[in-house]
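Asks: The sequence shown begins at 1 in UniProt numbering and counts up one residue at a time. Here a beta-carbon is modelled for each residue, glycine too, at the ideal position from N, C-alpha and C.
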Amino acid sequence: MRFPKRFTLLASSALVAGGIGFFSFKNDDRFFEIARNLDIYATLFKELNLYYVDEINPNRMVKTSIDGMLKALDPYTNFFAEDEIEDYMTMTTGRYNGIGALIGQRQGKSIVLMVYEGTPAEKSGLRIGDEVIKIDGVDIKARKEADPGKLLKGQNNTAVKLTVQRYGEKSPVELSVIRDVVKMTNVPYYGMINDEVGYIDLKDFTATASREVRTAFQELKGKGMKKLILDVRENPGGLLNMAIDICNTFIPKDSEVVTTKGKVTEWNKTYTALNPPLDLEMPIIVLTNNHSASAAEIVSGVIQDYDRGVLIGQRTYGKGLVQTTRELSFNTKLKITTAKYYIPSGRCIQAIDYSHRNPDGSVGKIPDSLKTAFKTKAGRVVYDGGGVLPDVVIEAQTPTPIALSLTNKGLLFDYAVKYRHEHPTIKPAREFRLTDAEYADFAKWVADKEYDYTTQVEKDLGTLEASAKKEKYFDQIQDQLKSLKTKMSHSKDADLNTFKPEIRTLLEQEIAGHYYLQKGLKEASFATDPEMKAALDLFKDMGRYSTILKGKQ
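(1) For Lys-444, count the other beta carbons within 10 Å of its own beta carbon; 16 or more makes it buried, fewer makes it exposed. Which is it?
(2) Determine which residues share a DSSP beta bridge with Ala-101 and list them.
(3) Is it the case that the Cβ atoms of Arg-233 and Gly-313 are separated by a distance below 8 Å?
(4) State the Cα-Cα distance for the pair Asp-195 and Leu-521, rounded to the nearest angstrom.
(5) If we call anything under 8 Å between Cβ atoms a contact, is Gly-318 one with Gly-386?
(6) Could you pull the start and end residues of the alpha helix (DSSP H) that Leu-549 belongs to?
(7) Considering only residues of the same chain and omitting the five flanking positions on each side of Ala-396, which have a CB-CB separation below 6 Å?
(8) Residues in the same chain with beta-carbon distance under 8 Å from Lys-375, minus the five sequence neighbours each way, listed in chain order, please.
(9) Is Val-53 buried or exposed, if buried means 16 or more other CB atoms sit within 10 Å of its CB?
(10) Return the chain-ordered list of same chain residues with a C-beta closer than 6 Å to the C-beta of Leu-239, the five sequence neighbours on each side being excluded.
(11) For Leu-287, is the classification buried or exposed, using 16 other Cβ atoms within 10 angstroms of its Cβ as the cut-off for buried?
(12) Report all residues from its chain with a CB closer than 7 Å to the CB of Ile-336; omit the five preceding and five following residues, and keep chain order.
(13) Is Gly-410 close to chain C? Criterion is C-beta to C-beta, closer than 8 Å.
(14) For Lys-519 versus Glu-117, is the C-beta spacing smaller than 8 Å?
(15) Given a cut-off of 8 Å on the beta-carbon distance, is the pair Glu-531 and Ile-394 in contact?
(16) Take the Cβ of Glu-450 as the centre, count every other Cβ of all protein chains shown within 10 Å, and call the residue buried at 16 or more, exposed below.
(17) Would you mind listing the beta strand (DSSP E) stretches within the region 225-293 that are 3+ residues and don't spill past its ends, in chain order?
(18) Does the separation of the CB atoms of Tyr-354 and Leu-73 fall below 8 Å?
(19) With DSSP as the reference, label Tyr-383 as helix, strand or coil.
(20) To the nearest angstrom, how far is it from the Cα of Asp-180 to the Cα of Val-302?
(21) Please report the straight-line C-alpha distance between Met-542 and Ser-294, rounded to a whole angstrom.
(22) Near Gly-551, which residues of its chain fall below 8 Å by C-beta distance, leaving aside the five closest residues on each side in sequence?
(23) Tell me whether the region 428-444 and the region 490-506 touch, counting them as touching only if at least three CB pairs, one residue from each stretch, are closer than 8 Å.
(24) Which partner residues does Asn-506 have in the DSSP bridge list?
(25) Given this structure, state the Cα-to-Cα distance separating Cys-247 from Ala-81, to the nearest angstrom.
(26) For Pro-390, does the count of other Cβ atoms within 10 angstroms reach 16, so buried, or fall short, so exposed?
(27) Give the straight-line distance between the Cα atoms of Leu-536 and Thr-249, rounded to the nearest whole angstrom.
(28) Give me, in chain order, the residues of the same chain whose beta-carbon lies closer than 8 Å to that of Phe-22; leave out the 5 immediate sequence neighbours on both sides.
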């Protein structure tokens with residue numbers, strides 16, 4: 001893309017030596033204000049540098065000020081400094097030079113949270129739960145400023161030496177890992193759910209997303225797939241062209257996919273399917289949730305607009321904005337929101353109005369009264385301004401307070417590390433189940449751990465007590481409140497038993513992930529996944545499937 005002439009004029013007029021010059025644009029008050037404020041900023045920065053009591057870091061100061069300015073626009077317009085370009089490239093390509101492990105901080109320790117399949121980390125024997133103590137002799141604990149993620153990256157075919165403390169081992173374990181190009185897959189899992197239903201888990205839209213989806217689809221079709229579940233839950237989106245190509249997999253060549261419209265009219269464009277599709281007939285169900293965003297919403301919205309498949313799950317996030325990357329000086333970049341996108345029915349699914357902010361700076365969602373009705377190819381009514389609403393809505397599951405606490409405190413993770421050490425092998429992830437005795441062992445193990453929580457009932461009682469005191473009713477009802485508090489006060493031991501099915505399921509998934517990595521996490525969830533269950537039930541009733549697509553449900 002190219003800048004319009006007026007942007008080129010301003011950029012070419014800028015002075016960088018001795019501050020930023022002052023410009024006069026008689027015919028354009030906006031450009032006068034831009035030039036005026038840039039001059040003020042340069043003067044202010046000069047004074048800070050000369051007279052502030054402590055030394056300032058120019059790079060950090062400017063980055064902070066730019067981030068603050070962009071924050072007033074939308075969350076997707078971002079500046080990337082020169083030292084962040086590698087992270088930017090990883091974000092767009094899904095590739096980086098490293099070992100293929102996710103390191104996170106847990107209670108001041110650098111813990112391996114995930115090892116990705118087929119990477120140098122897995123080949124070297126690195127395990128989930130290992131504590132990284134040293135990287136190439138650098139003591140991670142002693143060097144608080146050291147970033148383990150950056151230390152693990154480096155040139156291909158170079159070795160990095162890791163010293164890790166492994167659960168159950170008295171002495172640290174030394175590992176030598178040969179760095180390589182690590183490709184974070186867009187499709188971390190695909191497989192056959194049963195004899196005729198295939199499943200593709202699409203988690204990102206980097207540069208190889210379309211190829212990965214097509215490869216998975218063709219392999220599954222070769223294994224007898226007659227119906228497809230495409231899962232875009234928890235998919236934050238990514239490259240627009242990948243969304244277009246993936247839609248092209250299931251809709252006819254030359255079909256309209258998406259139109260972008262923004263301030264620079266010469267950039268407006270309608271994108272169509274350029275290639276012959278892989279399949280136009282196979283029944284498709286797309287799983288969505290409120291974290292399905294951007295490119296994931298284009299794919300799900302296009303499938304819905306052409307009545308090509310049924311959507312199941314929760315309303316999507318509602319990000320109908322397009323970003324373009326602009327090259328800036330000194331190898332920096334600006335990712336800027338340049339347009340809104342519109343899917344074939346004509347609707348824009350953008351749910352949040354960033355152009356109109358409340359006095360406190362917050363933004364609200366577009367009200368229902370301002371939403372417009374559109375129609376799919378078959379005449380079904382759909383609406384703009386609020387994400388993509390599935391054809392079959394499944395209420396999102398809310399974890400119980402005890403399950404949430406056990407997860408957030410890392411206790412399910414820690415027990416899985418212990419279990420992995422004590423059990424060299426387990427059954428395949430789809431078949432793995434904890435016995436009652438093993439769950440009882442977990443309950444005993446967690447008994448002396450810190451993971452307290454407050455239930456919603458306890459919160460509501462606290463609110464009631466505060467209101468009673470404020471409105472002078474407390475003396476009249478304090479005995480009843482005390483009695484209710486005593487009855488409703490949670491017992492962790494009792495809750496471990498009451499919510500055993502939920503906790504055991506989460507624990508089984510965590511343990512399966514420690515043995516079988518990402519694939520294990522996914523396969524262990526199939527049996528209790530409500531959206532998956534709804535999809536399989538619908539595929540058993542193709543009459544209802546057809547009725548939904550005809551808008552007659």
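Replies: Result, derived from the coordinates:
(1) exposed
(2) Val-115
(3) yes
(4) 22 Å
(5) yes
(6) 542-549
(7) Gln-314
(8) Ser-345, Val-381 and Val-382
(9) exposed
(10) Phe-205
(11) buried
(12) Thr-77, Gln-323, Thr-324 and Arg-326
(13) Absent here is chain C; the protein component of the structure consists of one chain.
(14) yes
(15) yes
(16) exposed
(17) 227-231, 256-262, 269-272 and 284-288
(18) yes
(19) strand
(20) 37 Å
(21) 30 Å
(22) Thr-376, Ala-378, Gly-379, Arg-380 and Val-381
(23) yes
(24) It is worth fixing the name first, because residue 506 is Leu in this sequence and not Asn. Beta-bridge pairing links Leu-506 to no other residue.
(25) 34 Å
(26) buried
(27) 22 Å
(28) Its pLDDT being 39, under 50, Phe-22 is placed unreliably in this model, and the coordinates cannot settle the point.
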